[in-house]
Structure formats: C-alpha cells, structure tokens
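Numbering (the working numbering), first residue to last: 1 to 424.
Comments concern the structure below.
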C-alpha cells in the first residue's frame with residue numbers, strides 16, 4: 001500500500017505548491033516532488049506532515065495525576081501560552097512519563113478542516129519525526145531553510161520553530177548562535193550535552209559558534225530530510241486528525257454478503273443476550289446501591305429528592321452548614337484551610353510570603369503576588385519559585401491532607417490548595 005505524504009510549511013491554498021513524497025509498503029520513499037494539490041500523485045493513503053510552527057510540540061512537567069485531572073492540568077498550562085482560545089485548537093495529550101513530563105501536540109481546527117477538504121487521512125507534527133531520547137538537542141533544517149529545534153528528554157522532548165533561511169551565514173555577521181537558540185539554551189536547568197545541527201553549515205561558521213558558545217558541544221550533520229526517517233517514527237507520531245471509517249467495497253460477491261450477514265446475525269444475537277444479562281445485573285446492583293445511599297441520606301437528614309450522585313457533596317455541605325450553625329468553622333473554610341496549609345507554607349525560603357499572610361507568626365516581605373479564597377479553595381500567585389522548592393512545598397501539602405495543583409504563569413508560579421476528597 002503506497003502512502004502519499006505532503007509537507008505543509010503553510011496552511012493549504014489551492015494554487016500553492018507543497019513538497020510531497022511517495023512511500024511503498026515497507027515505508028521507503030521512492031519518489032519525491034513539489035506541486036499544487038491538483039497535481040499530486042495518487043496513493044492509497046494521504047498523510048500530512050505539518051511544520052513545527054503549524055503543529056507545536058510542547059511538554060509540561062506535572063505531579064502524578066489521574067487521566068481525568070491530567071487534561072485539566074494541561075489546559076491550565078496552555079492558557080498562558082496560546083494567543084487563540086483553547087476551543088479553536090485540536091489538543092493531543094500524551095501519556096505522563098515516569099519523570100512527570102507530558103507531551104502535547106497542537107494544531108488549529110481551521111487548519112485541520114482545510115486538510116480534510118484535501119482528503120488527508122492523517123496529520124502529525126514534523127517535530128515528532130526525530131528521537132528525543134538522548135541528552136542532545138537537534139536543530140533540523142530542511143532544504144528550503146525552514147526548521148525546528150527538538151529538545152532532549154531532560155526538557156520533556158518539546159520543540160520550537162527556528163527559521164534557518166533568515167540567517168546570514170558569514171563569519172563577519174553571524175558570529176554567535178541565533179538569539180532564540182541562545183536564550184533557550186541559557187534557560188535550561190540541565191543544559192544538553194550537545195547540539196546536533198542537521199544543515200549545510202560552513203566550517204568557519206561552526207568554529208565561530210563553538211568559540212562563543214560555552215553551553216554545549218556543537219556538531220554538524222547532513223541536512224534534515226523528513227522523507228528519510230525510519231518508518232517507525234511516522235507510525236509513532238500523534239495523529240491530529242480523528243481516524244476515518246474504512247470505506248466498504250462495492251464489488252463483493254453475493255456469497256460474501258450472505259456469509260457476512262449470517263455472522264453478523266449470530267454476533268448480534270449473542271451481543272443482545274449478553275447485553276441484557278449484564279444490564280439486568282448492573283441495574284439490580286445500582287438499585288441496591290441507590291437504596292442504601294438514600295437510606296443513609298435520610299438518616300443524615302438530607303433532602304428526600306437527593307440523588308445518589310450528589311449525596312457525598314451534600315453531606316460535605318450539610319456538615320459545613322451544621323458547624324456554621326453551631327458557631328464553628330468547617331474544615332474547608334478560609335481560615336481552617338489556611339491554618340492546615342500554614343506549616344507547609346512556612347517552609348518557603350525567607351522573603352517568599354509578605355508579612356502577616358499567615359495566622360501563625362510573620363515573615364519578611366517577599367514575592368507573593370496574590371492570595372484568593374473562592375469555591376472552598378485558596379489560590380496563591382508567586383512571582384517566582386525554583387523547581388526544588390515547588391516540589392517540596394507540594395509534597396508537604398499532600399502530607400497535610402490537601403490537594404495541590406500548580407502551574408506556571410507569565411513570569412510566576414500559581415498554586416491552588418483545597419481539601420482532599422477523602423480527607424475528614
């Protein structure tokens with residue numbers, strides 16, 4: 001089965017020419033070209049390779065989270081990094097790795113809709129076609145001059161676009177690495193061991209860059225060609241387009257149809273019988289559980305119309321209301337919640353919290369920007385906290401029976417604290 005892959009360095013346009021390549025059943029490229037959509041060769045499948053600026057590859061380091069909370073945590077991180085609303089983006093979130101890193105691939109919905117109009121079956125980011133498992137960064141530059149930088153595993157394997165064509169590759173004018181790359185290297189807590197440049201780079205430019213670069217070793221490799229990567233890299237890349245249902249053939253024989261219909265009827269009958277049995281058992285168990293929940297709710301004095309799904313939340317509210325009526329504070333009121341978090345917050349370095357923030361003692365003026373209590377939770381915003389301090393603080397809060405969700409903001413650090421669901 002041949003596969004036609006088209007490289008999109010810009011959104012699709014009717015008269016615009018794009019580079020394409022045909023691959024055989026073994027994943028080997030046997031023909032390449034560049035033309036508008038109407039002149040593309042035929043293939044059993046069409047796949048889109050999106051440039052790094054069209055399909056950004058990001059990575060976030062988060063505490064261990066369940067699948068349901070991982071999506072919310074990633075979207076919280078993306079809010080401060082995207083110029084367009086999240087609803088306008090297709091977001092593919094990968095599995096969280098053991099070291100806490102989560103990779104995210106993005107693409108605008110309008111771009112994906114345009115690809116569907118071109119009968120594209122699958123779309124993925126070019127940045128995922130190079131491995132990020134080693135301790136080196138890879139600067140990949142195509143023959144047209146467009147390129148991207150793929151970070152190493154210590155940075156989560158994220159990537160950012162870097163245009164090579166705009167550089168003046170003369171020693172007189174280009175004595176140092178591009179500013180974007182220099183700043184990215186300087187911002188890393190663990191610098192890469194090497195920067196592999198996949199481009200046609202003059203030796204004198206490389207020598208000049210190496211003399212002015214004291215972060216890592218530079219090497220020059222053959223120019224980047226996405227058509228020559230291992231076939232497995234294409235299969236492992238995250239698909240930004242929902243899969244299509246395979247088309248049915250209109251030329252099946254009547255015997256094939258009868259056999260298929262017979263097998264379908266048998267499978268359907270077995271499915272119906274099994275489904276009825278499972279649903280009957282589930283409904284009986286659900287009725288018993290609902291009855292037990294309702295009995296407990298009646299004993300607790302909750303509303304008779306309370307549903308089983310809302311009873312735990314109503315218990316929590318009823319308990320808080322009962323303590324308020326008795327002139328007592330509930331565990332998730334502002335002051336009790338802050339008091340439970342205070343021992344952990346007091347472990348922050350001197351100068352982190354402003355004087356009088358905590359009820360227990362005072363600390364010097366520092367970098368706390370804001371503290372808000374709403375919806376039974378405290379939200380703190382700090383100007384900055386190092387990674388080690390963040391990890392220690394969040395671990396102390398969890399040991400104190402609190403839920404801690406954090407995220408980076410523009411130049412700062414945001415921390416949300418609330419009672420754990422199973423905490424008394």
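Built from N, CA and C at the ideal position, the CB exists for glycine as well.
In this text the structure is predicted, and so the values were computed from the model without any measurement.
**OP:** Specify whether the region 108-125 and the region 75-93 touch according to this definition: at least 3 beta carbon pairs, one from each stretch, less than 8 Å apart.
**Re:** yes
Subject >> Bridge-paired residues (DSSP) for residue 46 >> reply: Residue 46 sits at position 46 when you count from the first residue of the chain shown. 4, per the DSSP bridge assignment.
Original post:
Just the Cα atoms here: how many angstroms apart are residue 226 and residue 260?
Top reply: Your numbering for residue 226 matches position 226 in the chain shown. Your numbering for residue 260 matches position 260 in the chain shown. Answer to the nearest angstrom: the Cα atoms are 42 Å apart.
Original post:
Can you name the residues that DSSP bridges to residue 294?
Top reply: Position 294 of the chain shown, counting from 1, holds the residue named residue 294. Paired residues: none, contrary to the question.
Original post:
What is the C-beta distance between residue 239 and residue 122, in whole angstroms, given that I count them as a contact (C-beta under 8 Å)?
Top reply: Position 239 of the chain shown, counted from the first residue, corresponds to residue 239. Position 122 of the chain shown, counted from the first residue, corresponds to residue 122. Yes, they are in contact, since the Cβ atoms of residue 239 and residue 122 sit about 5 Å apart, within 8 Å.
Subject >> C-beta contact flag for residue 151 and residue 137 at 7 Å >> reply: As a working note, residue 151 is residue 151 in the chain shown. As a working note, residue 137 is residue 137 in the chain shown. In contact: residue 151 and residue 137 (Cβ atoms closer than 7 Å).
Original post:
Excluding five sequence neighbours on each side, which residues of the same chain lie with their C-beta closer than 7 Å to the C-beta of residue 252?
Top reply: Reading the chain shown from its first residue, position 252 is the one you call residue 252. Note on residue 252: pLDDT 47, under 50, position unreliable in the model; the coordinate value appears next. Result list for residue 252: empty, nothing under 7 Å.
Subject >> Proximity winner among 65, 68, 4, relative to residue 43 (alpha-carbon distances) >> reply: As a working note, residue 43 is residue 43 in the chain shown. For residue 43, the nearest C-alpha among the options comes from 4.
**OP:** Look at the alpha carbon of residue 234 and the alpha carbon of residue 61, and state the distance between them as a whole number of angstroms.
**Re:** The residue labelled residue 234 in the question sits at position 234 within the chain shown. The residue labelled residue 61 in the question sits at position 61 within the chain shown. C-alpha separation (whole angstroms): 25 Å.
Subject >> 8 Å Cβ shell around residue 206 - same chain, five flanking residues per side excluded >> reply: By one-based count along the chain shown, residue 206 stands at place 206. Closer than 8 Å at the Cβ level, and outside the excluded window around residue 206, lie 197, 218, 220.
Original post:
At what residues does the alpha helix (DSSP H) containing residue 378 begin and finish?
Top reply: Taking the first residue of the chain shown as 1, we reach residue 378 at position 378. No alpha helix (DSSP H) contains residue 378, which is instead part of the beta strand (DSSP E) from 377-382.
Subject >> Cα-Cα separation, residue 247 to residue 98 >> reply: Residue mapping note: residue 247 aligns to position 247 of the chain shown, counting from 1. Residue mapping note: residue 98 aligns to position 98 of the chain shown, counting from 1. Confidence in residue 247 is poor, its pLDDT being 46 and thus under 50, which makes the residue's placement unreliable; the coordinate value appears in the next sentence. Cα-Cα distance, rounded: 39 Å.
Original post:
Looking only at DSSP bridge pairs, what is residue 61 linked to?
Top reply: Sequence index remark: in the chain shown, residue 61 carries index 61 (1-based). DSSP output for residue 61 lists 101 as bridge partner(s).
Subject >> For residue 119 and residue 357, the rounded distance between their alpha carbons >> reply: Residue numbering aside, residue 357 sits at position 357 when the chain shown is read from its first letter. Residue numbering aside, residue 119 sits at position 119 when the chain shown is read from its first letter. The predicted position of residue 357 is uncertain, since its pLDDT is 48 and thus under 50; a value taken from the coordinates is nonetheless stated next. Roughly 59 Å separates the two Cα atoms.
**OP:** For residue 374, count neighbouring C-beta atoms within 10 Å of its own C-beta (all shown protein chains included) and say buried if the count is 16 or more, exposed if not.
**Re:** Position 374 of the chain shown, counting from 1, holds the residue named residue 374. Burial call: exposed.
Original post:
What residue range is occupied by the uninterrupted beta strand (DSSP E) comprising residue 18?
Top reply: Within the chain shown, residue 18 is the residue found at index 18, counting from 1. From DSSP, the beta strand (DSSP E) with residue 18 extends over 18-23.
**OP:** Check whether the Cβ atoms of residue 278 and residue 199 lie closer than 7 Å to each other.
**Re:** Position 278 of the chain shown holds residue 278. Position 199 of the chain shown holds residue 199. No.
Subject >> One or two residues paired with residue 413 in a DSSP bridge >> reply: Within the chain shown, numbered from 1, the residue matching residue 413 stands at position 413. Beta-bridge pairing links residue 413 to 382, 408.
Original post:
Does the distance from the C-beta atom of residue 157 to that of residue 187 stay below 7 Å?
Top reply: Working through the chain shown from its first residue, we reach residue 157 at position 157. Working through the chain shown from its first residue, we reach residue 187 at position 187. In this structure, residue 187 does not lie closer than 7 Å to residue 157 by Cβ.
Original post:
Looking at the unbroken beta strand (DSSP E) that takes in residue 370, where does it start and where does it end?
Top reply: For the purposes of this step, residue 370 is taken as residue 370 along the chain shown, with counting starting at 1. That run of the beta strand (DSSP E) goes 368-374.
**OP:** Report buried or exposed for residue 146, applying the criterion of at least 16 other Cβ atoms within 10 angstroms of its Cβ.
**Re:** For the purposes of this step, residue 146 is identified with residue 146 of the chain shown, where counting begins at 1. Residue 146 should be labelled buried.
Original post:
Is DSSP giving residue 136 helix, strand or coil here?
Top reply: Indexing the chain shown from 1 puts residue 136 at position 136. The answer is strand: DSSP assigns residue 136 an E or B state.
Subject >> Distance, residue 126 Cα to residue 229 Cα >> reply: Position 229 of the chain shown holds residue 229. Position 126 of the chain shown holds residue 126. Going by the C-alpha atoms only, they are around 11 Å apart.
Original post:
Among all the DSSP beta bridges, which residues are the ones paired with residue 108?
Top reply: Stepping through the chain shown from its first residue, residue 108 is reached at position 108. DSSP lists 89 as partners of residue 108.
Original post:
Thinking just about the alpha-carbon of each residue, which of 154, 177, 283 is nearest to the one in residue 163?
Top reply: Position 163 of the chain shown holds residue 163. Taking only the C-alpha atoms, the option nearest residue 163 is 177.
Original post:
Taking the alpha-carbon positions, what's the residue 340 to residue 381 distance?
Top reply: Here residue 340 refers to the residue found at position 340 of the chain shown. Here residue 381 refers to the residue found at position 381 of the chain shown. Computed Cα separation, rounded: 18 Å.
Original post:
Candidates 31, 26, 25: which alpha carbon is nearest residue 19's?
Top reply: For this step, residue 19 is matched to residue 19 along the chain shown. Among 31, 26, 25, the Cα nearest to that of residue 19 belongs to 31.
**OP:** State buried or exposed for residue 390, treating a residue as buried only when at least 16 other CB atoms are found within 10 Å of its CB.
**Re:** Position 390 of the chain shown, counted from the first residue, corresponds to residue 390. So residue 390 counts as buried.
Original post:
Nearest CA to the CA of residue 368: which residue from 388, 400, 377, 411?
Top reply: By one-based count along the chain shown, residue 368 stands at place 368. Ranking the options by Cα distance to residue 368, first place goes to 411.
**OP:** Sort out for me which residues DSSP pairs residue 29 with in a bridge.
**Re:** Your numbering for residue 29 matches position 29 in the chain shown. Beta-bridge pairing links residue 29 to 23.
Subject >> Span of the alpha helix (DSSP H), counted from its first residue to its last, around residue 74 >> reply: For the purposes of this step, residue 74 is taken as the residue at position 74 of the chain shown. Run containing residue 74: 67-79, per the alpha helix (DSSP H) assignment.
Original post:
Mapping DSSP to helix, strand and coil, what is residue 273?
Top reply: On the chain shown, position 273 is the one that residue 273 refers to. In the structure shown, residue 273 sits in a helix (DSSP, three-state: H, G or I).
Subject >> Proximity of residue 400 and residue 344 at Cβ, strictly below 7 Å >> reply: Position 400 of the chain shown, counted from the start, is the residue given in the question as residue 400. Position 344 of the chain shown, counted from the start, is the residue given in the question as residue 344. Yes, the pair counts as a contact, with Cβ atoms nearer than the cut-off.
**OP:** Drop a sphere of 10 angstroms on the beta-carbon of residue 257, count the other beta-carbons inside from all chains shown, and report buried for 16 or more, exposed for fewer.
**Re:** In the chain shown, residue 257 corresponds to position 257, counting from 1. Exposed, because fewer than 16 other Cβ atoms sit within 10 Å of the Cβ of residue 257.
Original post:
Is residue 73 buried or exposed, if buried means 16 or more other CB atoms sit within 10 Å of its CB?
Top reply: Counting from 1 along the chain shown, the entry for residue 73 is found at position 73. Buried, by the Cβ-count rule.
Subject >> Residue range of the unbroken beta strand (DSSP E) whose run includes residue 159 >> reply: By one-based count along the chain shown, residue 159 stands at place 159. Looking at the DSSP string, the run of the beta strand (DSSP E) that includes residue 159 is 159-161.
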